[in-house]
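Structure first, then comments.
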Amino acid sequence: MRKSKSFSLDKGLFLSFIFFIFFGLVHIYSSSYIFALEKYGNPLYFFNKQVVFTLVSLVVFYITIKLPWQVVVRFSSLAFFIILFLLALTLVPSIGVKVGGARRWLSLPLFNIEPVEFFKIIMVFYFARLLSFKDWMENKKTIAIQVGLFFTPLIILLLQPDFGSVVIYLVVFFALLFVSPIKLRWILLSVVTALVSLFTLIIIEPYRLKRLQAVLDPWSDPYGKGFQLIQSLLAFYSGSWLGKGLGEGQSKLFFLPEAHTDFTLAVLGEEIGFVGVSFFISLYTYIIYKGFVIAYQSKDIYQSYVATGLTVVFGLGVYLNIAIELGLLPPKGLSLAFLSYGGSHLLANSIIIAILLNIDKATKKARYKKAWG
381 MRKSKSFSLD KGLFLSFIFF IFFGLVHIYS SSYIFALEKY GNPLYFFNKQ
431 VVFTLVSLVV FYITIKLPWQ VVVRFSSLAF FIILFLLALT LVPSIGVKVG
481 GARRWLSLPL FNIEPVEFFK IIMVFYFARL LSFKDWMENK KTIAIQVGLF
531 FTPLIILLLQ PDFGSVVIYL VVFFALLFVS PIKLRWILLS VVTALVSLFT
581 LIIIEPYRLK RLQAVLDPWS DPYGKGFQLI QSLLAFYSGS WLGKGLGEGQ
631 SKLFFLPEAH TDFTLAVLGE EIGFVGVSFF ISLYTYIIYK GFVIAYQSKD
681 IYQSYVATGL TVVFGLGVYL NIAIELGLLP PKGLSLAFLS YGGSHLLANS
731 IIIAILLNID KATKKARYKK AWG
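Counting from 381, one number per residue, gives the positions in the sequence shown under my numbering.
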């Protein structure tokens, strides 16, 4: 009886993930221990929780890689409605937790969870199915259902409100439209419509305009809206080329708000300098490059769409966070993959990498079957 052939993981992508996972623990301890000691009386408070998040993420990462691709696809259909339901629950005052003006979290007995992090994954499977299979276009009823499913998450995100996730949702959708066979004029028309809608949402909300003003001129309100950005830029500047040394930064000593979460790259920039930060940005870019290579190599159109969409989700999260910390975009409350404290985004990004590796494995298996039967 012939043994089934096993297929190796993409070593570059896998090792990059492992490096980020374990360096992330070191950095989270370094960026959080002062704040943890002051607030909770335990310098290891955030580190210990992150260790638990990491162990859970590694277990889910392993399971996701080992699952047959068909099982992943079947589970994604059910997961779409489960996660959409959880996303809607954030709007319930007694369950949803409001942080930074947005109700994005669910309060559970042992921990809080941010459903939108997982929705970013599952929406890619939904978009991929829309573009791969046209059975939903057979009659008006199925078209109406799909239109409803498309706009429901947007409405929930706007009600939270989570404008940043709305932007990510639309960018990922248009990215997949761009690589699909749909005619360019329809794509451009959709993009223009979305841009006009987003611009309208920005100008009708005063707080969004204030955030934009803080980016354009943070010194107009240095102790208010511009404070965080100014401290972030000072941290990068003081790190110079080579940094002050890991653990030696000053910005985390209550100068920079959210030093261990949304603005963690500024802390790292102060400690390892321009050269060190450039290395990490290059490693992120390498992961994104690998994701697009996996998408390109897959001969299954559905898998290719999924790999493309997940890579765009990951890349947007990384580059938007970097742009925010450098003052190129208004602050959004966006974590940096693997380096920011938190369980939801760590688990979600681990799942993204695992699915990419799963698709790569499925592609190698299909190629082997075609060659050898």
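Here a beta-carbon is modelled for each residue, glycine too, at the ideal position from N, C-alpha and C.
Since we're looking at a predicted model, the values are computed, not measured.
Near residue i, which residues of its chain fall below 7 Å by C-beta distance, leaving aside the five closest residues on each side in sequence?
| i | result |
| --- | --- |
| Gly625 | Glu651 |
| Gly606 | Ala594, Pro598, Trp599 and Ser600 |
| Ile502 | Ser456, Ala459, Phe460 and Ile463 |
| Asn492 | Val477, Trp485 and Leu486 |
| Phe394 | Leu737 |
| Arg747 | none |
| Gly671 | Ala687, Leu690, Thr691, Phe694 and Leu736 |
| Val479 | Trp485 |
On a Cα-Cα basis, can you pick out the residue from the options that is closest to residue i?
| i | options | result |
| --- | --- | --- |
| Ile475 | Pro423, Leu389, Ser487 and Val571 | Ser487 |
| Gly722 | Leu405, Leu648, Phe553 and Leu538 | Leu405 |
| Arg484 | Leu490, Phe654 and His725 | His725 |
| Pro711 | Gln608, Trp621, Lys749 and Ala615 | Gln608 |
| Phe558 | Phe397, Ile732, Ala508 and Thr743 | Ala508 |
| Phe399 | Leu663, Ile523, Leu727 and Ala482 | Leu663 |
| Ser396 | Ile702, Ser730 and Asp680 | Ser730 |
| Ser388 | Ile681, Lys446, Ser658 and Phe531 | Lys446 |
| Tyr549 | Ile562, Ile567, Phe530 and Ser560 | Phe530 |
| Phe634 | Ile408, Ile523, Lys514 and Ala416 | Ala416 |
| Phe499 | Val673, Ala751 and Thr532 | Thr532 |
| Phe467 | Ala524, Leu539, Val431 and Lys521 | Position check: residue 467 holds Leu in this sequence, whereas Phe was assumed. Nearest C-alpha to Leu467: Leu539. |
| Glu638 | Gln677, Val576 and Tyr413 | Tyr413 |
| Phe403 | Ala574, Phe465, Pro489 and Val431 | Val431 |
| Glu494 | Leu727, Lys521 and Leu581 | Leu727 |
| Glu628 | Ala482, Ser560, Val673 and Leu648 | Leu648 |
Could you spell out the range, first to last residue, of the alpha helix (DSSP H) harbouring residue i?
| i | result |
| --- | --- |
| Gly649 | Thr644 to Gln677 |
| Glu511 | It is Leu, not Glu, that sits at residue 511 in the sequence shown. Looking at the DSSP string, the run of the alpha helix (DSSP H) that includes Leu511 is Pro495 to Ser512. |
| Ala734 | Ser724 to Trp752 |
| Asn519 | Unbroken run through Asn519: none, as it is neither H nor E. |
| Ser364 | Look at the range of the chain in this structure, 381 to 753, and you will see that residue 364 is not part of it. |
| Thr444 | Tyr425 to Lys446 |
| Asn701 | Ile681 to Glu705 |
| Gly544 | Phe543 to Val559 |
| Pro586 | Pro586 to Leu596 |
| Val451 | Trp449 to Leu469 |
| Glu628 | From DSSP, Glu628 is part of no alpha helix (DSSP H); its letter is neither H nor E. |
| His407 | Lys391 to Tyr420 |
Starting from residue i, follow its DSSP beta bridges and name the residues at the other end.
| i | result |
| --- | --- |
| Lys478 | Arg483 |
| Asn492 | Ser487 |
Please classify residue i: is it buried, with 16 or more other beta-carbons within 10 angstroms of its beta-carbon, or exposed?
| i | result |
| --- | --- |
| Val693 | buried |
| Ala687 | buried |
| Arg565 | exposed |
| Gly392 | exposed |
| Ile443 | exposed |
| Met381 | With a pLDDT of 42 at Met381, under the threshold of 50, the predicted position of this residue should be treated as unreliable, though the coordinate-derived value follows. Met381 should be labelled exposed. |
| Arg591 | buried |
| Leu737 | buried |
| Lys749 | exposed |
| Glu585 | exposed |
| Asn701 | buried |
| Ile732 | buried |
| Thr641 | buried |
| Gly757 | Outside the modelled stretch of the chain, which goes from 381 to 753, sits residue 757, for which no answer is possible. |
| Ala751 | exposed |
| Leu568 | exposed |
Short of 6 Å in beta carbon distance, which residues of its chain neighbour residue i, apart from the five on each side in sequence? Order them along the chain.
| i | result |
| --- | --- |
| Ile643 | Position check: residue 643 holds Phe in this sequence, whereas Ile was assumed. Within the same chain, Phe643 has close Cβ partners Ser612, Leu636 and Glu705. |
| Phe755 | Residue numbering for the chain in the displayed model covers 381 to 753; residue 755 lies beyond these limits and cannot be assessed. |
Residues in its own chain within less than 8 Å of residue i by CB, not counting five upstream and five downstream?
| i | result |
| --- | --- |
| Val571 | Phe554 |
| Ile668 | Thr691, Phe694, Gly695 and Val698 |
| Ala703 | Leu709 |
Would you please verify whether the beta carbon of residue i is less than 8 Å from any beta carbon of chain C?
| i | result |
| --- | --- |
| Gln593 | Although the question refers to chain C, the structure presented lacks it and comprises just one protein chain. |
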